[in-house]
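The next block holds one structure in the form of structure tokens; read it before the comments.
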Amino acid sequence: MKRIGLLGGSFDPVHVAHIALARSALQALDLAEVQLIPAANPWQRAALHATAQQRRDMLELAIDGHPGLAVNPIEIDRGGATYTIDTLRALPQDARYVWLLGADQLANFCTWRDWQDIARQVDLAVATRPGTALSAPPALAEHLRSLGRDLQELPFSPMPVSASQIRQRLAQGESTEGLLDPAVTAYIAAHHLYR
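What the sequence shown shows, in the working numbering, is residues 15 to 209, in sequence order.
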């Protein structure tokens, strides 16, 4: 069975660390593909700034020229509140899936809807983020032990880049050079986003 990485997120906007993480996972975890899944309406976050279509467009621009990366619009197409478990249940069952997440997301993994089912259905691969220790919450660690599974550590040099920082810089008219793919920067300017 082929192994496919899944990287979910708001991607508001997609930035260089998202793409670097996806590329790192592709190689380090020997994946057939990494699918980036833009959320329709993430329930644990504030309202998004760009529309679903704009975020999808920016993702398509950002992965251009990166073989093995693809955009999966399953959550946008479904609409409504975005829950990871619903997405996993809707995916084709002809692959083994690896859910990619940062250590910050790992810390609140047990607040996700049906998190035990998520851990049963996919392997979890965790990339470290600045200032966050890589250790599973006790409930998740216990659950993984009962499944005979381990967290997979994704070797990734942390990049101190965040979408909120980028939006703030754009709102203040500051440069985002080196933080965004140039095609994404051009798209943001053309559509007057994050002003």
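For every residue, glycine included, the Cβ atom is placed at its ideal position computed from N, Cα and C.
Please read all numbers here as calculations on a predicted model, not as lab measurements.
Where Arg127 sits in the DSSP three-state scheme: Walking along the sequence shown from the start, residue 127 turns up at place 113. Here Arg127 sits in coil by DSSP.
Segment limits, alpha helix (DSSP H) that includes Glu156: Walking along the sequence shown from the start, residue 156 turns up at place 142. Unbroken alpha helix (DSSP H) run through Glu156: 152-161.
Pair within 8 Å by beta-carbon distance, Ala84 and Ile77: For the purposes of this step, residue 84 is taken as residue 70 along the sequence shown, with counting starting at 1. For the purposes of this step, residue 77 is taken as residue 63 along the sequence shown, with counting starting at 1. With contacts defined by Cβ atoms closer than 8 Å, Ala84 and Ile77 form a contacting pair.
Between the CA atoms of Val30 and Gly192 - distance to the nearest angstrom: Position 178 of the sequence shown, counted from the first residue, corresponds to residue 192. Position 16 of the sequence shown, counted from the first residue, corresponds to residue 30. Distance from the CA atom of Gly192 to the CA atom of Val30, rounded to whole angstroms, is 8 Å.
Cα-Cα separation, Asn86 to Trp113: For the purposes of this step, residue 86 is identified with residue 72 of the sequence shown, where counting begins at 1. For the purposes of this step, residue 113 is identified with residue 99 of the sequence shown, where counting begins at 1. Straight-line Cα distance between these residues: approximately 14 Å.
Start-to-end residues for the alpha helix (DSSP H) that takes in Asp118: By one-based count along the sequence shown, residue 118 stands at place 104. Looking at the DSSP string, the run of the alpha helix (DSSP H) that includes Asp118 is 117-121.
Leu50 versus Ala42, Ser24, Ser149, residue with shortest Cα-Cα distance: Counted from its first residue, the sequence shown places residue 50 at position 36. Relative to Leu50, the option among Ala42, Ser24, Ser149 whose CA is nearest is Ser24.
Inter-residue spacing [alpha-carbon to alpha-carbon] between Gly19 and Leu73: Within the sequence shown, numbered from 1, the residue matching residue 19 stands at position 5. Within the sequence shown, numbered from 1, the residue matching residue 73 stands at position 59. Rounded to whole angstroms, Gly19 to Leu73 spans 16 Å at the Cα level.
First and last residue of the uninterrupted beta strand (DSSP E) at Leu17: Within the sequence shown, the letter at position 3 stands for residue 17. The sequence shown places Arg at residue 17, rather than the Leu named in the question. For Arg17, the uninterrupted beta strand (DSSP E) segment begins and ends at 16-23.
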